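J.: In case it helps, mature numbering (1 follows the signal peptide of the UniProt record, and there is no 0) puts the sequence shown at residues -21 to -1, 1 to 572. Even glycine gets a Cβ: it sits at the ideal position worked out from N, Cα and C. Quick caveat, the model's predicted, so the values are computed rather than measured. Input: one structure, supplied below.
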Amino acid sequence: MLRFLQLWMFIFCLAFTSSFARPGPENCYNINRVPKGHYSVRIFFGLVAHPDTNNEPLFDISVEGTQIYSLKSGWTSHDDQAFTEVLVFLTDGSASLCFHSTGHGDPAIVSIEILQIDDRAYYFGPQWGHGVMLRTAKRLSCGTGQARFGVDYNGYPWGGDRFWSFSRTFDQNSDRPRSTESSIKQAAASPNFYPEALYRTALISTDSQPDLTYTLDVDPNRNYSIWLHFAEIDSSVTGVGQRVFNIVINGDTAFEDVDIIKLSGSRYAALVLNTTVTVNGRTLTITLQPKEGSHAIVNAIEVFEVITAEFKTLPEEVRVLQTLKTTLALPLRLGWNGDPCVPPQHPWSGADCQLDRTSGKWVIDGLGLDNQGLRGFLPNDISRLHHLQSINLSGNSIHGVIPSSLGTITSLQVLWQAASSVDMSVASLPMPSKLCQLLISYWICPTIFSTVQSQKTLDRLTSLLRLDLNGNSLSGRVPAALVGRLLHRASFNFTDNAGLCGIPGLPTCGAHLSAGSKIGIALGASFTFLLLVTCSVCWCKRRQNILRAQQISAREAPYAKARTHLSRDIQMARHQNYGNARTAAENGPILLS
């Protein structure tokens, strides 16, 4: 958490205050609308009265993705350690500053200054340029006076309002101060524009100690650019050859036969000498050894650490990670602010990087966000991480499906999604040719084995090195394509799947029908079942009809019997009448006889 008291940005007239920033290991700020140019970026630290603050905070600072400074214990006791300054080229219209927690209190920032300086300021040789930063290790005015900013010296604005600490002596009885009120020529020369007053005081060695020695504690194994300032202000030295000395840095002669009047052209004229040295130890020692005359002189010293600017992460991939930060509901404690890959001392937690030499940019080649309490979903934008080789999102509560675009990442080798609520149906994906590890648990997809059994899918896994299907309650024969991979140093885990067989370590499989036979049997069984159902229905219908007919017959039986007797009586009566009629006819009527 950053305690941000005041941000001042000179030149662009921006100023605002902020109290507490978001929690997390990095607190980063982008200052936009910064014109392209060369800048002095100065950051002042402070202490904040807070119940939880018992000690001075220690943290790291980075500018434009390059770590420039780490606060050291005891900095609150030294005025020149209460701020850091770096000279940097800003070329993309913004300035990015990050404060990285080191576990020793929260960063506390008093102010930030961004001041434009000359584009050629502090040119130190062929290594100088946009890929190099200069961090001020020491800026010292020698002799009388007090610590001052450039504005206190009436310095030229393009000098960057430099802060000059002061030293009245390098060592007790080894030197003495000297000053003048005379004008100094050539002081405000371009491109550094030093203040004239800087050269009006100096330290001069003594008879008892002719060598003039300055010692500075530095970080080891670094390059340092050293700027030494001279002006002959001693009234006892009036001409060429009267004061000549060598300059020795850490035992090596950097400059021989330095004659200030000869090199500057006259008395009371500024002379600046610059060299860059590599310091292997923790001490930088500058010694001025007189050759002509008995004393050496120096007016001011500047020491800069030469820092190679870090390559930045590919902007498109940074935007994708910012999208992931939102869609996966990343906890604030992870931070994910600034640049994911730089500074390399403070990469984003869960993001693995590699340098793409072709583009000169860092790229994301791995995501390790297992057991982070994620509860979002994977966006389609993840496919824009073209260099991604591994993904580990296990142990989270991620929901939804794996985007089909994931399969377009041809570099993907590791997919680890154990214990996540994600649909892992990989059959629909265009499977990457170099997928070498697929770790899936039953929490993801209990039927995943039926998917990977597809011969077509298995053929796509040409570089499969590890397959873990532990605890999926699978059954059946392990596909022959997987068995063949065991001969090519592949590693498979099929434990806790009691129904599997067919490879060493699993039960031997019995006779098994082919897939076509299984389909035929299933269709035949279905047809037989339907036929039996149909016959049963028909038989039941016929049985019902028979019973109904029998019931009707039983009800109509008495009526049918009565009709049968009546018909018989009528028929018998008719037969008798017919017989009588014939007899009468034969006999004829009685009246006619």
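Can the beta-carbon of Pro319 be found less than 8 Å from the beta-carbon of Ala330?
T.: It is a contact, given that the beta carbons lie within the stated cut-off.
J.: For the region 284 to 359, list the beta strand (DSSP E) runs that are entirely contained and at least 3 residues long, ordered along the chain.
T.: Fully enclosed beta strand (DSSP E) runs of 3 or longer: 330 to 335, 340 to 347.
J.: Could you tell me the alpha carbon to alpha carbon distance between Asp39 and Asp213, rounded to whole angstroms?
T.: If you take the alpha carbons of Asp39 and Asp213, they lie about 43 Å apart.
J.: Can you have a look at Lys520 and say buried or exposed, based on whether 16 or more other CB atoms are within 10 angstroms of its CB?
T.: Result: exposed.
J.: Answer with buried or exposed for Asp85, where buried requires no fewer than 16 other C-beta atoms within 10 angstroms of its C-beta.
T.: The residue is buried, with at least 16 neighbouring Cβ atoms inside 10 Å.
J.: If contact is defined by three or more beta carbon pairs under 8 Å, each pair taking one atom from either stretch, is the region 166 to 186 in contact with the region 129 to 139?
T.: The region 129 to 139 is in contact with the region 166 to 186.
J.: Could you tell me the alpha carbon to alpha carbon distance between Ala233 and Thr254, rounded to whole angstroms?
T.: Ala233 and Thr254: Cα-Cα distance of roughly 7 Å.
J.: Please list, in chain order, all residues of the same chain as Ala308 whose beta carbon is under 8 Å from its beta carbon, the five residues on each side excluded.
T.: Cβ within range, chain order: Leu353, Arg354, Gly355.
J.: Counting pairs of beta carbons, one from the region 50 to 57 and one from the region 96 to 106, are three or more of them closer than 8 Å?
T.: They do not touch, by the three-pair rule.
J.: Which residues in the same chain have their Cβ closer than 6 Å to the Cβ of residue 573, if we skip the five residues on either side of it in sequence?
T.: Here the chain has residues from -21 to 572 only, and residue 573 is not among them.
J.: If you measure between the beta carbons of residue 573 and Met112, is that distance less than 8 Å?
T.: The shown model of the chain, from -21 to 572, leaves out residue 573, and the question about it has no answer.
J.: Which of the three DSSP states is assigned to Phe209 in this structure?
T.: In the structure shown, Phe209 sits in a strand (DSSP, three-state: E or B).
J.: For Asp190, which residues from the same chain have a beta carbon less than 6 Å from its beta carbon, with the 5 sequence-adjacent residues on both sides left out?
T.: Excluding residues within five positions, the ones whose Cβ falls inside 6 Å are Thr266, Gln268.
J.: Let me know if residue 575 comes out buried or exposed under the rule of 16 or more other beta-carbons within 10 Å of its beta-carbon.
T.: Any answer about residue 575 is impossible in this case: the structure gives the chain only from -21 up to 572.
J.: Whose CA, out of Val277, Thr262, Asn259, Leu263, lies closest to the CA of Val223?
T.: Nearest C-alpha to Val223: Val277.
J.: Buried or exposed: Arg298, going by 16 or more other Cβ atoms within 10 Å of its Cβ?
T.: Result: exposed.
J.: For chain C, check one thing: does any of its Cβ atoms lie closer than 8 Å to the Cβ of Val512?
T.: Considering every chain present, this structure includes no chain C. It has just one protein chain.
J.: Alpha helix (DSSP H) containing Lys241: first to last residue?
T.: 239 to 243 is the span of the alpha helix (DSSP H), which, as asked, contains Lys241.
J.: Only counting the same chain, and skipping five residues up and downstream in sequence, which positions put a Cβ closer than 7 Å to that of Tyr8?
T.: So the list reads Leu76, once near-sequence residues are dropped.
J.: Is Leu357 closer than 8 Å to Leu391 when the C-beta atoms are compared?
T.: Against a cut-off of 8 Å, the Cβ pair of Leu357 and Leu391 comes out as no contact.
J.: Rounded to whole angstroms, what's the CA-CA distance from Ile183 to Arg155? Just pull it up for me.
T.: Distance between the alpha carbons of Ile183 and Arg155 is about 5 Å.
J.: With a CB to CB cut of under 6 Å and the five nearest residues on each side skipped, what residues in its chain are close to Gln165?
T.: The residues are Ala248, Ala249.
J.: What would DSSP say about Ala406, mapped onto helix, strand or coil?
T.: Confidence at Ala406 is low in this model, with a pLDDT of 40, below 50, so its placement is unreliable and the value that follows should be read with caution. In this structure, Ala406 counts as helix in the three-state DSSP scheme.
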